[in-house]
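> Read in order, the letters of the sequence shown are residues 4 to 258 in my numbering.
Glycine included, C-beta positions come from ideal geometry on N, C-alpha and C.
Supplied in structure tokens, the structure appears directly below.
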Amino acid sequence: MPFFSTSGVLLRKIEYGDYDLILIFLTRSKGKISVIAKNAKKSVKRFAGILEPFFLLDIVCKVGKGNFAVLLEADLINSYGKIRTDINKIAYASYWAEIISTRIEDRCQNSKLFDLLNHVLDVINSDRFIDKEISILFLMKFLLLWGTVPLLEKCCVCGISVEKIKSNKIRFEIEEGGILCSKCTKFKIKKKQLFLSKGTIKRLLWIKRSDLLKADRVCFSEVSLNESLFLLESFTGFYLGKDFKSLKFLHKIKR
Ligand SMILES: [Zn+2]
4 MPFFSTSGVL
14 LRKIEYGDYD
24 LILIFLTRSK
34 GKISVIAKNA
44 KKSVKRFAGI
54 LEPFFLLDIV
64 CKVGKGNFAV
74 LLEADLINSY
84 GKIRTDINKI
94 AYASYWAEII
104 STRIEDRCQN
114 SKLFDLLNHV
124 LDVINSDRFI
134 DKEISILFLM
144 KFLLLWGTVP
154 LLEKCCVCGI
164 SVEKIKSNKI
174 RFEIEEGGIL
184 CSKCTKFKIK
194 KKQLFLSKGT
204 IKRLLWIKRS
214 DLLKADRVCF
224 SEVSLNESLF
234 LLESFTGFYL
244 GKDFKSLKFL
254 HKIKR
């Protein structure tokens with residue numbers, strides 16, 4: 004088909020030559036796509052100034068002979084305008100966009116990732132800005148869709164369930180991808196180790212198992228927030244094989 008239309012969130016825009024822009028979208032029906040917007044750099048009027056990161060647009064494209072589909076029309080659905088007024092919100096949205104931009108070409112080709120991104124953008128665009136909680140939700144749900152997710156239900160070596168592990172602080176081994184009971188911990192000592200309290204594991208499992216709206220309502224203590232974020236940020240970086248620039252920026256402004 005030479006033409007297609009879909010809704011998409013603009014993840015990134017890259018200058019291309021003197022006149023054009025390459026735009027990376029996460030779309031509802033086609034997953035992540037790159038399109039070229041001809042003359043968009045030269046003339047802002049060409050697309051009415053709506054080709055901005057995190058804008059949700061309806062787009063119409065033509066499949067050309069080159070590497071990229073050509074953007075013909077774009078209509079604004081939601082600008083998530085409040086994100087641009089707050090450096091924290093920009094930092095979180097940039098981190099999530101960078102994660103999605105990284106290596107998802109062959110996976111996550113369904114509308115659930117699109118819905119997840121719009122959900123978290125909608126939450127930080129509202130006044131109830133619960134930044135750490137919503138990033139935990141995004142990371143856990145992203146990892147589930149990506150197909151590699153922390154194993155928290157049982158020891159990743161012997162398989163004993165988390166409820167039966169007696170110690171209150173439980174080791175998580177990033178390279179093994181899961182928690183270790185105290186018996187297995189003795190045999191496995193590696194560098195990338197961290198500890199999670201049972202309360203943190205319980206909250207993370209609730210998020211892992213619930214739908215988006217239910218998962219949104221989990222209450223975290225400050226300790227659980229920090230343990231969860233550290234785990235999910237480390238896990239995501241390790242398994243996606245990337246140090247995210249946007250995460251470094253986020254940590255810098257949060258310090
Ligand atoms: Zn074990």
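1. Below 8 angstroms, how does it come out for the region 54-67 and the region 12-22: are there three or more Cβ pairs, yes or no?
2. Helix or strand or just coil, what does DSSP make of residue 16?
3. Threshold first: 3 residues or longer. Then list the beta strand (DSSP E) segments lying entirely within the region 130-191, N to C.
4. Below 8 angstroms on the Cβ atoms is my guess for residue 147 versus residue 208; work out the distance and round it to an integer in Å.
5. Between residue 30 and residue 39, how many whole angstroms is the CB-CB distance? I'm expecting something under 8 angstroms.
6. Residues in its own chain within less than 7 angstroms of residue 87 by CB, not counting five upstream and five downstream?
7. Does at least one heavy atom of ligand 1 sit under 7 angstroms from the Cβ of residue 183?
8. Quick one: is residue 51 buried, meaning 16 or more other Cβ sit within 10 Å of its Cβ, or exposed?
9. Heavy atom of ligand 1 less than 7 angstroms from the Cβ of residue 189, yes or no?
10. Can you tell me whether DSSP reads residue 46 as helix, strand or coil?
11. Measure from the alpha carbon of residue 66 to the alpha carbon of each residue in 254, 144, 164 and 5, then state which is nearest.
12. Which first and last residues belong to the alpha helix (DSSP H) in which residue 118 is found?
13. I'd like the list of long-range same chain contacts for residue 144, defined as Cβ closer than 6 angstroms, with 5 residues on each side in sequence excluded.
14. Am I right that residue 136 and residue 247 are in contact with their C-beta atoms under 8 angstroms? What's the rounded C-beta distance?
15. Is residue 163 near ligand 1, with its Cβ less than 7 angstroms from a heavy atom?
16. Just confirm the distance between the C-beta atoms of residue 98 and residue 253, as a whole number of angstroms; I'd bet it's less than 8 angstroms.
17. Just the Cα atoms here: how many angstroms apart are residue 160 and residue 73?
18. On a Cα-Cα basis, can you pick out the residue from 75, 233, 250 and 212 that is closest to residue 175?
19. Starting from residue 104 and walking both ways along the beta strand (DSSP E), at which residues does that stretch end?
20. Measure the C-alpha to C-alpha separation of residue 56 and residue 184 and round it to an integer number of angstroms.
21. Measuring only from the beta carbon, is residue 172 closer than 7 angstroms to any heavy atom that is part of ligand 1?
22. Just verifying my parser: in three-state terms, what is the DSSP assignment at residue 68?
23. Report the partner residues of residue 9 according to the DSSP bridge assignment.
24. Assuming residue 204 and residue 139 form a contact by the criterion Cβ under 8 angstroms, report the distance between their Cβ atoms to the nearest whole angstrom.
25. Tell me the rounded alpha-carbon separation between residue 186 and residue 166.
26. Hey, is residue 186 close to ligand 1, as in C-beta under 7 angstroms from one of its heavy atoms?
27. If I measure Cβ to Cβ from residue 228 and keep anything under 6 angstroms in the same chain, skipping five residues before and after, which residues do I get?
28. Which residue's Cα is closest to the Cα of residue 20: 9, 44 and 28?
In short:
1. yes
2. In the sequence shown, residue 16 corresponds to position 13, counting from 1. DSSP places residue 16 in strand when its eight states are reduced to three.
3. 172-176 and 181-183
4. Translated into the one-based positions of the sequence shown, residue 147 becomes position 144. Translated into the one-based positions of the sequence shown, residue 208 becomes position 205. Not really, about 12 angstroms apart at Cβ, beyond 8 angstroms.
5. As a first step, residue 30 must be located in the sequence shown, where it is residue number 27. As a first step, residue 39 must be located in the sequence shown, where it is residue number 36. Contact doesn't hold; Cβ gap of about 15 angstroms is too wide.
6. Taking the first residue of the sequence shown as position 1, residue 87 is located at position 84. Taken in chain order, the residues that qualify are 93.
7. The count along the sequence shown starts at 1 and reaches residue 183 at position 180. Yes, Cβ of residue 183 sits closer than 7 angstroms to a heavy atom of ligand 1.
8. In the sequence shown, the residue the question calls residue 51 occupies position 48. By the 10 Å Cβ count, residue 51 comes out exposed.
9. In the sequence shown, the residue the question calls residue 189 occupies position 186. False, no ligand heavy atom lies under 7 angstroms from that Cβ.
10. Stepping through the sequence shown from its first residue, residue 46 is reached at position 43. DSSP places residue 46 in coil when its eight states are reduced to three.
11. As a working mapping, residue 66 is identified with position 63 in the sequence shown. That would be 5, whose Cα lies nearest to the Cα of residue 66.
12. Mapped onto the sequence shown, residue 118 falls at position 115. Start and end: 114-128.
13. As a position in the sequence shown, residue 144 is number 141, starting the count at 1. Once the five neighbours on either side are set aside, the close Cβ partners of residue 144 are 119.
14. The residue you call residue 136 lines up with position 133 of the sequence shown. The residue you call residue 247 lines up with position 244 of the sequence shown. With a Cβ gap of about 19 angstroms, residue 136 and residue 247 do not count as contacting.
15. Start at 1 with the first residue of the sequence shown, and residue 163 comes out as number 160. Residue 163: yes, Cβ under 7 angstroms from ligand 1.
16. Position 95 of the sequence shown, counting from 1, holds the residue named residue 98. Position 250 of the sequence shown, counting from 1, holds the residue named residue 253. Correct: roughly 6 angstroms between the Cβ atoms.
17. Locating residue 160 in the sequence shown gives position 157, where the first residue counts as 1. Locating residue 73 in the sequence shown gives position 70, where the first residue counts as 1. Rounded to whole angstroms, residue 160 to residue 73 spans 50 angstroms at the Cα level.
18. Taking the first residue of the sequence shown as 1, we reach residue 175 at position 172. For residue 175, the nearest C-alpha among the options comes from 233.
19. Here the question's residue 104 lines up with position 101 in the sequence shown. Residue 104 -> not in any beta strand (DSSP E); alpha helix (DSSP H) instead, spanning 90-104.
20. Looking up residue 56 in the sequence shown gives position 53. Looking up residue 184 in the sequence shown gives position 181. Looking at the two C-alpha atoms, the distance is approximately 44 angstroms.
21. Counting from one through the sequence shown, the residue named residue 172 turns up at place 169. For ligand 1, not one heavy atom lies less than 7 angstroms from the Cβ of residue 172.
22. Numbered from 1 along the sequence shown, position 65 holds the residue referred to as residue 68. Residue state, collapsed to three classes: coil.
23. The residue given as residue 9 occupies position 6 in the sequence shown. In the DSSP output, where bridge partners are listed per residue, residue 9 has 62.
24. As a working mapping, residue 204 is identified with position 201 in the sequence shown. As a working mapping, residue 139 is identified with position 136 in the sequence shown. Incorrect: roughly 13 angstroms between the Cβ atoms, too far for contact.
25. For the purposes of this step, residue 186 is taken as residue 183 along the sequence shown, with counting starting at 1. For the purposes of this step, residue 166 is taken as residue 163 along the sequence shown, with counting starting at 1. Looking at the two C-alpha atoms, the distance is approximately 15 angstroms.
26. Counted from its first residue, the sequence shown places residue 186 at position 183. Yes, since a heavy atom of ligand 1 falls inside the 7 angstroms radius drawn around the Cβ of residue 186.
27. Numbered from 1 along the sequence shown, position 225 holds the residue referred to as residue 228. Here the set comprises 135.
28. Taking the sequence shown and counting its residues from 1, the one referred to as residue 20 is at position 17. Ranking the options by Cα distance to residue 20, first place goes to 44.
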